[in-house]
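Student:
In full-length UniProt numbering, the protein residues as written are 1 to 302.
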């Protein structure tokens, strides 16, 4: 990006930030909550986990109350996404193998995909959006497998949720989002940069505000908030992984959704993860094996 372009966008952002009645990410979330039907079952699971004597059977009973969600979880744990050698027949067994915190995080991601409705398709189709988001999630998890002591389910859900702020921004002000797309194409800048020029903030900040409104753990909220500024994150390795996954997914999903979206890439993110470049081709091979089944499972019934 040239210095002139940066100055132009900075001036737009400053004007946007100073205009009377400017909205904030929190404002967008509060005004778009009717768009989202987030299931209470996630909070039931979290409350149960706070009980010191809970059991896998009790947790499985809570998850199984939502038959659609339970079915998607079982399909996912029996798919190439996990690649377990033997079939897992019950939620209780899945809890035993994955762990309660991991399955809770996975439940959050699966629930969110089915929580949005009525999003206008003025900028991209909902199908293209979820293809991209699911790609981000899968790649985040695969990249995370090359780093020690990281929770792969958290990375998957962080990657999956990093673009959801776009859905709220489109529903809140589709005309301004169209302006951001046009600005991105005209100036050759990333969508997050164009969003900031128009709104004064980008979709990652809106997504983080949404997760905060749901009382989602700070670890996930910070991964989403800093996916474009990974070096500023309290979890720089996690955020760097999602940043890399975002860049890779943009290159892979070559439909119209991604023609204007390519984010600015920070080489320091790759250095932060310590993932060798030689690992990237095998990761893409694994992604190819996992995408179709994972996408079908997560979007089933939409």
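Where a beta carbon is used, it is the ideal one built from N, C-alpha and C, also for glycine.
#1: Taking residue 211 as the reference, give the member of 91, 271, 164 and 282 with the closest Cα.
#2: To the nearest whole angstrom, what separates the beta carbons of residue 63 and residue 91, a pair I think is in contact under 8 Å?
#3: Under the three-state reduction of DSSP, which class applies to residue 156: helix, strand or coil?
#4: Look at the alpha carbon of residue 286 and the alpha carbon of residue 236, and state the distance between them as a whole number of angstroms.
#5: Please go through the same chain and pick out, in chain order, the residues whose beta-carbon is closer than 6 Å to the beta-carbon of residue 243, but skip the five residues on each side of it.
#6: Using 8 Å as the threshold, is the C-beta distance between residue 216 and residue 115 below it?
#7: Quick check on the DSSP output: the alpha helix (DSSP H) that includes residue 301 runs from which residue to which?
#8: Please determine if the region 38-46 and the region 171-190 are in contact, where contact requires at least 3 C-beta pairs separated by less than 8 Å.
#9: Residue 127 to residue 148, Cα distance in whole Å?
#10: Per DSSP, which one or two residues make a beta bridge with residue 291?
#11: For residue 135, report the span of its alpha helix (DSSP H) as first-last.
#12: Considering only residues of the same chain and omitting the five flanking positions on each side of residue 110, which have a CB-CB separation below 7 Å?
#13: On the three-state DSSP scale, how would you describe residue 170?
#14: For residue 247, report the span of its alpha helix (DSSP H) as first-last.
#15: Any chance you could list the alpha helix (DSSP H) runs of at least 4 consecutive residues sitting entirely within the region 15-58, in chain order?
#16: Cβ atoms of residue 135 and residue 265: under 8 Å apart, would you say?
#17: Which class does residue 199 belong to by DSSP, given the choice of helix, strand or coil?
#18: From what residue to what residue does the alpha helix (DSSP H) around residue 68 run?
#19: Could you check if residue 15 is buried or exposed, using at least 16 other CB atoms within 10 Å of its CB as the buried criterion?
#20: Residue 294 and residue 79 - do their beta-carbons sit closer together than 8 Å?
#21: Counting beta carbon pairs with one atom in the region 190-206 and one in the region 25-35, are three or more of them shorter than 8 Å?
#22: Pull up the distance between the alpha-carbon of residue 157 and that of residue 208, whole angstroms please.
#23: Measure from the alpha carbon of residue 279 to the alpha carbon of each residue in 169, 57, 46 and 143, then state which is nearest.
#24: To the nearest angstrom, how far is it from the Cα of residue 167 to the Cα of residue 213?
#25: Quick one: what's residue 116 bridged to in DSSP?
#26: Quick check: what's the CA-CA separation for residue 44 versus residue 103?
#27: Short of 8 Å in beta carbon distance, which residues of its chain neighbour residue 87, apart from the five on each side in sequence? Order them along the chain.
#28: Does DSSP put residue 286 in a helix, a strand or coil?
#29: Can you tell me which of the three DSSP states residue 147 falls into?
#30: Would you say residue 88 lies against chain C (beta-carbon separation less than 8 Å)?
Tutor: In brief:
#1: In the chain shown, residue 211 corresponds to position 211, counting from 1. Out of 91, 271, 164 and 282, 164 has the C-alpha closest to the C-alpha of residue 211.
#2: The residue given as residue 63 occupies position 63 in the chain shown. The residue given as residue 91 occupies position 91 in the chain shown. Contact between residue 63 and residue 91 holds: CB atoms are separated by about 5 Å, below the 8 Å threshold.
#3: Taking the first residue of the chain shown as 1, we reach residue 156 at position 156. Note: residue 156 maps to helix in three-state DSSP.
#4: Against the chain shown, residue 286 aligns to sequence position 286. Against the chain shown, residue 236 aligns to sequence position 236. Answer to the nearest angstrom: the Cα atoms are 24 Å apart.
#5: Reading the chain shown from its first residue, position 243 is the one you call residue 243. Sequence-distant Cβ neighbours of residue 243 in its own chain, meaning closer than 6 Å and more than five residues away, are 227, 230 and 269.
#6: Residue mapping note: residue 216 aligns to position 216 of the chain shown, counting from 1. Residue mapping note: residue 115 aligns to position 115 of the chain shown, counting from 1. Cβ distance not < 8 Å, so residue 216 and residue 115 don't count as in contact.
#7: For the purposes of this step, residue 301 is identified with residue 301 of the chain shown, where counting begins at 1. Looking at the DSSP string, residue 301 is not in any alpha helix (DSSP H), and its letter there is neither H nor E.
#8: Segments in contact, no.
#9: By one-based count along the chain shown, residue 127 stands at place 127. By one-based count along the chain shown, residue 148 stands at place 148. If you draw a straight line from the Cα of residue 127 to the Cα of residue 148, it is about 34 Å long.
#10: Residue 291 sits at position 291 when you count from the first residue of the chain shown. Looking at the DSSP output, residue 291 bridges to nothing.
#11: Numbered from its first residue, the chain shown carries residue 135 at position 135. Its alpha helix (DSSP H) spans residues 126-144.
#12: Position 110 of the chain shown, counting from 1, holds the residue named residue 110. Hits under 7 Å: 69, 72, 73 and 298.
#13: Counted from its first residue, the chain shown places residue 170 at position 170. Looking at residue 170 - three-state DSSP - the assignment turns out to be helix.
#14: Here residue 247 refers to the residue found at position 247 when the chain shown is read from its first residue. Under the DSSP assignment, residue 247 falls in the alpha helix (DSSP H) whose first and last residues are 236-252.
#15: Taking only runs of at least 4 residues, the alpha helix (DSSP H) segments lying wholly in the region 15-58 are 25-31 and 41-50.
#16: Translated into positions along the chain shown, residue 265 becomes position 265. Translated into positions along the chain shown, residue 135 becomes position 135. A distance of 8 Å or more separates the beta carbons of residue 265 and residue 135.
#17: Walking along the chain shown from the start, residue 199 turns up at place 199. Residue 199 sits in a helix when the DSSP states are folded into three classes.
#18: Within the chain shown, numbered from 1, the residue matching residue 68 stands at position 68. From DSSP, the alpha helix (DSSP H) with residue 68 extends over 67-77.
#19: Mapped onto the chain shown, residue 15 falls at position 15. With a pLDDT of 47 at residue 15, under the threshold of 50, the modelled position of this residue cannot be trusted; read the value that follows with caution. Counting Cβ neighbours within 10 Å, residue 15 comes out exposed, since fewer than 16 surround it.
#20: In the chain shown, residue 79 corresponds to position 79, counting from 1. In the chain shown, residue 294 corresponds to position 294, counting from 1. Closer than 8 Å, so yes.
#21: Cβ pair count under 8 Å is three or more, so yes.
#22: On the chain shown, position 157 is the one that residue 157 refers to. On the chain shown, position 208 is the one that residue 208 refers to. For residue 157 and residue 208, the distance between alpha carbons rounds to 13 Å.
#23: Counting from one through the chain shown, the residue named residue 279 turns up at place 279. Relative to the Cα of residue 279, the nearest Cα in the group 169, 57, 46 and 143 belongs to 143.
#24: Stepping through the chain shown from its first residue, residue 167 is reached at position 167. Stepping through the chain shown from its first residue, residue 213 is reached at position 213. One C-alpha to the other measures close to 16 Å.
#25: Within the chain shown, numbered from 1, the residue matching residue 116 stands at position 116. In DSSP, residue 116 forms a bridge with 36.
#26: Here the question's residue 44 lines up with position 44 in the chain shown. Here the question's residue 103 lines up with position 103 in the chain shown. Answer to the nearest angstrom: the Cα atoms are 13 Å apart.
#27: As a first step, residue 87 must be located in the chain shown, where it is residue number 87. Same-chain partners within the cutoff: 78.
#28: Your numbering for residue 286 matches position 286 in the chain shown. Helix.
#29: By one-based count along the chain shown, residue 147 stands at place 147. Three-state DSSP puts residue 147 in coil, outside helix and strand.
#30: Checking the listed chains, one finds no chain C in this structure; it contains a single protein chain.
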